[in-house]
Amino acid sequence: MTDKPLFDQLRIFKRRWSRNQRASLTTEDVRETNTALGRPAPLSTGATATVGSGRGALAAIVGSLAATSLFATVPEDEGYRLTAYRDVAGIPTLCFGDTKNVRMGMVETPEGCMRRLEAQLLAHAKPVMACSPRLSEPGRDWQRAAAVSLAYNIGVAGYCRSSIDRRFDVGDWRGGCNAILLYDKARVRGKLQPVRGLTLRRQRERALCLKGIA
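Residue numbers (this note's numbering): -3 to 210.
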């Protein structure tokens, strides 16, 4: 995904959350989005966008910094398709990696994909925070973002019974972040095996998770 579509999508969310159809990018929004993407230099996007409003539904659950990170990184990691396709495990998938109520042959609109992304991030963030209540501690923005991103990909049930959750529950933040690397496998033609795309994503999630950990 190029930068311009990504930032166009983030702008849509800010306008929806703020209920201000003229809402646009602020300097702080740019900084947070660049940080979330791991890009220290300002982006040249040709578009205004961000997610960072404290009034947003996701920001209310995970905080504005984690929400900004999720809206920036999940679309990049998941890819973007308006027509249903089968993922590496053969599961019908649509938009930004959404598998809920997806059937082959379905076609979605860009606006519909935005609604799906928003709904699925919320649907994963709430139970993640319930399973790992210590993520609500101050200063755990990056760990929250990494945990929700992982759950978006492996499912809430997978996250809640993972060693990551167990380690977070006892305050072993570094151990929990490192354990993210274990979840890089998918069932391909009936066999559970590492998938390069998942390995790279887990490495990015781990790096995100380790931010701010001494």
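Note that CB positions come from ideal geometry on N, CA and C, so glycine has one too. None of the values given here were measured: they were computed from a predicted structure.
How far does the alpha helix (DSSP H) with residue i in it extend, from its first residue to its last?
i    : result
K122 : P106 to C127
V152 : V152 to C156
T69  : S60 to E74
G101 : Neither: G101 is in no alpha helix (DSSP H) and is coded neither H nor E.
A85  : Premise fails: A85 is in no alpha helix (DSSP H) and is neither H nor E.
G172 : W169 to A175
Can you name the start and end residues of the beta strand (DSSP E) that residue i belongs to?
i    : result
A80  : R77 to R82
P134 : That residue, P134, is in no beta strand (DSSP E); it is neither H nor E in DSSP.
Q189 : K187 to P190
R163 : Unbroken run through R163 is the alpha helix (DSSP H), S159 to D165; no beta strand (DSSP E).
Quick one: does residue i have its CB under 8 Å from some CB of chain B?
i    : result
A143 : Reference to chain B is not applicable here, since this structure consists of a single protein chain.
Whole angstroms are fine: how far does the CA of residue j sit from the CA of residue i?
i    : j    : result
T195 : Q189 : 11 Å
G50  : V191 : A caution first: G50 carries a pLDDT of 32, below 50, which makes its placement in the model unreliable, though a value can still be read off. Roughly 36 Å separates the two Cα atoms.
F67  : G186 : 32 Å
A141 : A175 : 15 Å
D161 : R77  : 31 Å
R200 : R112 : 23 Å
S159 : E107 : 36 Å
L178 : C127 : 19 Å
V124 : S145 : 10 Å
S65  : D168 : 22 Å
Q17  : G171 : 43 Å
P88  : R163 : 32 Å
A210 : V184 : 38 Å
T105 : A80  : 12 Å
T69  : R197 : 10 Å
R157 : N149 : 14 Å
A147 : V103 : 25 Å
A203 : C173 : 8 Å
R130 : V166 : 8 Å
E74  : N97  : 17 Å
Which of the three DSSP states, helix, strand or coil, is assigned to residue i?
i    : result
A182 : strand
T195 : helix
L206 : coil
S145 : helix
Do the region 85 to 101 and the region 153 to 167 meet, that is, are 3 or more Cβ pairs less than 8 Å apart? no
So, does the region 119 to 138 touch the region 55 to 73, judging by three or more C-beta pairs under 8 Å? yes
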